[in-house]
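Novice: Okay, here's the structure, questions in a sec.
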Amino acid sequence: MRVLMFGWEFPPFNSGGLGIACYGLTKGLSRQGVEITFVLPRLEGNKGEDYMKVLYAGSGKVRFRSVGSILKPYITSKIYKEEFSRSDPKWSIYGSDLFREVYRYSQEAKRIAEEEDFDVIHCHDWLTYPAGIEAKKVVEKKGSKVPLIVHVHATEFDRTCGNPNGYVYYLERDGMNKADYVISVSNYTKDMIIRHYGINPEKVHVVHNSIDGESEPLLDEEDFEIKKYHKIVLFLGRMTIQKGPDHFLWIAKKISEIDDNVRFIMAGNGDMFSRIVEEAANLGIGDKVLFTDFLSGRDVDKAYRMADVYVMSSISEPFGITVLEAMKNSTPVIVSRQSGVSEIVKNCLVADFWDIDEMVNKILAVLNHPELRESLAIGGLNEIKNFSWDEPARKCISIYEKAIQR
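Just so we're aligned: 301 in this note's numbering is position 303 of the sequence shown, and the numbers increase by one with no gaps anywhere.
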């Protein structure tokens, strides 16, 4: 089977869970014989070019195509304009409007669809939906049929916490309506797709994200200097309203009033970064919160291993792949109940994001009771060993086959 896949990031050049999910899924699909042409946006001549060539040369059934673009995941109109102003002058012909750029990208997809042979079109998140729709039209004009699958990793309601951009919402709904099937990363997100977008429940299939639990050895134990003197609570994610970094600070404030020996690491960047740094100072805990900015690769594993507990305080989390990463590193986790990952993991503690007191009590329980901390760490690691991207890949293949047979 041949799949034309449109995505917006891929390791090591990724800014969040979308790229990690695309990487894991393509590995799982490739292991089961699926041939993938993965279309990525890329500025001509950037570092990604060499990486793509290297990956292409040794990636077997995964091949990469690039389309010149300054689009990237989690982008807003404001961020797009900032990126545009810093880009090469040659990009001025495309204009500084985000949605015009999405349209231009969809027209580039038509060219790629003319050149490639494929059985299925698979699109990841809203920026790619117009591209998938245009690619499908190219095939239909030739008198053939090809199914369109849209994969929802997050909705505009998640990203904005209930205040969606009208045009982004339109593109999401249009893509879901025109798709043969919709893949949702959780039942939590499936419910949102049905309620807010009016999509037929029978059209939406849940394929939870995963992790290759046995893929890499854990880091050797390290002597982190800070752990000799302090207990560590970790936040790792984008500094955006969706991820609840402000809620994490309120949690940190309450814990600091109870236990002055606890320190908090906030790893990530985003549009709220400056505001969160300022808020930490305003709350009087600026000396207790360490900001690391965005982490990648083995630095992410080090952050998990350094922490006594990882807290995912998201307001609305379609999945939450960081929870699986933390468990793989033997780090106890406390998960927002408003998440997809809470549907599939057992060895964790769960609390409503808005219930600061419950979050605080559960964090302190982990910090102050070594037997609970060890139980969560060992149980989580053993649970993750049974996870693999092969199962999500098999579910996707089943959806592909069902769509082709329609």
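Beta carbons are placed, not taken as given, at the ideal position from N, Cα and C, and that holds for glycine. Bear in mind that the values here come from a model prediction, so they are computed numbers and not experimental data.
Please report the Cβ distance between A265 and T290, rounded to the nearest whole angstrom; I am assuming they are in contact, meaning their Cβ atoms lie under 8 Å.
Specialist: In the sequence shown, counting from the first residue as 1, residue 265 sits at position 267. In the sequence shown, counting from the first residue as 1, residue 290 sits at position 292. With 8 Å as the limit, A265 and T290 qualify as a contact, their Cβ atoms being about 4 Å apart.
Novice: Smallest Cα separation from W6: which of Y127, Y179, T329 and D117?
Specialist: For the purposes of this step, residue 6 is taken as the residue at position 8 of the sequence shown. If we check each option's Cα against that of W6, Y127 comes out closest.
Novice: If we call anything under 8 Å between Cβ atoms a contact, is I283 one with M237?
Specialist: Taking the first residue of the sequence shown as 1, we reach residue 283 at position 285. Taking the first residue of the sequence shown as 1, we reach residue 237 at position 239. Contact flag unset, no.
Novice: List the endpoints of the continuous alpha helix (DSSP H) containing K25.
Specialist: For the purposes of this step, residue 25 is taken as residue 27 along the sequence shown, with counting starting at 1. Here the alpha helix (DSSP H) through K25 covers G15 to R29.
Novice: How close, in whole Å, do the beta carbons of V427 and M(-1) come, if the pair is a contact with beta carbons under 8 Å?
Specialist: Nothing can be reported for residue 427, as the shown portion of the chain is limited to -1 through 404.
Novice: Going by C-alpha to C-alpha distance, which of Y227, N280, V331 and S254 sits closest to K286?
Specialist: Position 288 of the sequence shown, counting from 1, holds the residue named residue 286. Per the Cα distances, S254.
Novice: On the CB-based measure, 16 or more other CB atoms within 10 Å of its CB, does G160 come out buried or exposed?
Specialist: To locate residue 160, count along the sequence shown from 1; it is residue 162. Exposed: under 16 other Cβ atoms inside 10 Å.
Novice: Using alpha carbons as the reference points, say which of F116, V333 and L146 lies closest to K400.
Specialist: Your numbering for residue 400 matches position 402 in the sequence shown. Ranking F116, V333 and L146 by Cα distance to K400 puts L146 first.
Novice: Classify Y92 as helix, strand or coil using the three-state DSSP reduction.
Specialist: Residue mapping note: residue 92 aligns to position 94 of the sequence shown, counting from 1. Legend: pLDDT at Y92 = 31, less than 50; position of this residue unreliable, value from coordinates given subsequently. Reduced to three states, the DSSP call for Y92 is helix.
Novice: With H, G and I counted as helix, E and B as strand and the rest as coil, what does DSSP make of T158?
Specialist: For the purposes of this step, residue 158 is identified with residue 160 of the sequence shown, where counting begins at 1. Reduced to three states, the DSSP call for T158 is helix.
Novice: Looking only at its own chain, which residues have a Cβ that is under 8 Å from the Cβ of F246, when we skip the five neighbours before and after it?
Specialist: To locate residue 246, count along the sequence shown from 1; it is residue 248. Same-chain partners within the cutoff: F233, F262, M264, V309 and S311.
Novice: Determine, using beta carbons only, whether L322 and I376 come nearer to each other than 8 Å.
Specialist: As a first step, residue 322 is located in the sequence shown; it is residue number 324 there, counting from the start. As a first step, residue 376 is located in the sequence shown; it is residue number 378 there, counting from the start. No. Outside cutoff.
Novice: Name the residue from I119, L16 and A301 whose alpha carbon lies nearest to the alpha carbon of I395.
Specialist: Against the sequence shown, residue 395 aligns to sequence position 397. Here the closest residue by C-alpha is I119.
Novice: Let's see if you can read the secondary structure: which residues bound the alpha helix (DSSP H) around I192?
Specialist: For this step, residue 192 is matched to residue 194 along the sequence shown. Looking at the DSSP string, the run of the alpha helix (DSSP H) that includes I192 is N185 to Y195.
Novice: When you compare each of A278, K226 and I230 to G244 by their alpha carbons, which one comes out closest?
Specialist: By one-based count along the sequence shown, residue 244 stands at place 246. The amino acid at residue 244 is misidentified as Gly; the sequence shows Asp. Ranking A278, K226 and I230 by Cα distance to D244 puts A278 first.
Novice: Just confirm the distance between the C-beta atoms of L365 and V307, as a whole number of angstroms; I'd bet it's less than 8 Å.
Specialist: The residue labelled residue 365 in the question sits at position 367 within the sequence shown. The residue labelled residue 307 in the question sits at position 309 within the sequence shown. Contact holds; Cβ gap of about 7 Å.
Novice: Checking the sheet assignment: what are the DSSP bridge partners for Y168?
Specialist: Locating residue 168 in the sequence shown gives position 170, where the first residue counts as 1. Bridge partners of Y168: none, in fact.
Novice: Taking 8 Å as the cut-off, does the stretch 382 to 392 touch the stretch 203 to 210 (at least 3 CB pairs, one atom from each stretch)?
Specialist: As far as the Cβ criterion goes, the stretch 203 to 210 touches the stretch 382 to 392, which means the pair count is three or higher.
Novice: Can you tell me which of the three DSSP states Y127 falls into?
Specialist: In the sequence shown, counting from the first residue as 1, residue 127 sits at position 129. Helix at Y127.
Novice: Could you pull the start and end residues of the alpha helix (DSSP H) that D388 belongs to?
Specialist: Stepping through the sequence shown from its first residue, residue 388 is reached at position 390. Start and end: D388 to I402.
Novice: If you reduce the DSSP assignment to three classes, tell me which class V144 lands in.
Specialist: To locate residue 144, count along the sequence shown from 1; it is residue 146. Reduced to three states, the DSSP call for V144 is coil.
Novice: Do S184 and I191 come within 8 Å of each other at the CB atom, strictly closer than that value?
Specialist: If you number the sequence shown from 1, residue 191 lands on position 193. If you number the sequence shown from 1, residue 184 lands on position 186. For I191 and S184, no; Cβs fall outside 8 Å.
Novice: Distance check for G235 and T320, CA to CA, integer angstroms please.
Specialist: Stepping through the sequence shown from its first residue, residue 320 is reached at position 322. Stepping through the sequence shown from its first residue, residue 235 is reached at position 237. Cα to Cα, the separation comes out at about 8 Å.
Novice: DSSP on H203, reduced to helix/strand/coil?
Specialist: Looking up residue 203 in the sequence shown gives position 205. If DSSP states are grouped into helix, strand and coil, H203 belongs with the strands.
Novice: Taking the alpha helix (DSSP H) that D244 belongs to, which residues open and close that run?
Specialist: In the sequence shown, residue 244 corresponds to position 246, counting from 1. Per DSSP, D244 belongs to the alpha helix (DSSP H) from P243 to I256.
Novice: For D291, does the three-state DSSP call read helix, strand or coil?
Specialist: Residue mapping note: residue 291 aligns to position 293 of the sequence shown, counting from 1. Strand, per DSSP.
Novice: Tell me whether L2 sits in a helix, a strand or coil according to DSSP, three-state version.
Specialist: The residue given as residue 2 occupies position 4 in the sequence shown. Residue state, collapsed to three classes: strand.
Novice: With a 10 Å radius around its C-beta and 16 neighbouring C-beta atoms as the bar for buried, classify G318 as buried or exposed.
Specialist: In the sequence shown, the residue the question calls residue 318 occupies position 320. When all chains shown are included, G318 counts as buried.
Novice: In terms of alpha-carbon separation, which member of H203, A107 and Y179 lies closest to K188?
Specialist: As a position in the sequence shown, residue 188 is number 190, starting the count at 1. When only C-alpha atoms are compared, the closest one is H203.
Novice: In angstroms with no decimal places, state the Cα-to-Cα distance between K326 and C20.
Specialist: Position 328 of the sequence shown, counted from the start, is the residue given in the question as residue 326. Position 22 of the sequence shown, counted from the start, is the residue given in the question as residue 20. Their Cα atoms are separated by approximately 19 Å.
Novice: Tell me L379's beta-bridge partners as DSSP assigns them.
Specialist: As a working mapping, residue 379 is identified with position 381 in the sequence shown. Answer is none; L379 lacks a bridge partner.
Novice: Any idea what DSSP makes of R335, helix, strand or coil?
Specialist: Mapped onto the sequence shown, residue 335 falls at position 337. Looking at R335 - three-state DSSP - the assignment turns out to be coil, as it is neither helix nor strand.
Novice: Between the alpha carbons of H151 and R193, how many angstroms are there, rounded?
Specialist: Indexing the sequence shown from 1 puts residue 151 at position 153. Indexing the sequence shown from 1 puts residue 193 at position 195. The straight-line gap from Cα to Cα measures roughly 16 Å.
Novice: Can you tell me whether K251 is buried or exposed? The criterion is at least 16 other CB atoms within 10 Å of its CB, across all chains shown.
Specialist: Translated into positions along the sequence shown, residue 251 becomes position 253. Result: buried.
Novice: Can you look up S340 in the DSSP assignment and give me helix, strand or coil?
Specialist: As a position in the sequence shown, residue 340 is number 342, starting the count at 1. Three-state DSSP puts S340 in a helix.
Novice: With K326 as the anchor, note down where its alpha helix (DSSP H) starts and where it stops.
Specialist: For the purposes of this step, residue 326 is taken as the residue at position 328 of the sequence shown. I319 to K326 is the extent of the alpha helix (DSSP H) around K326.
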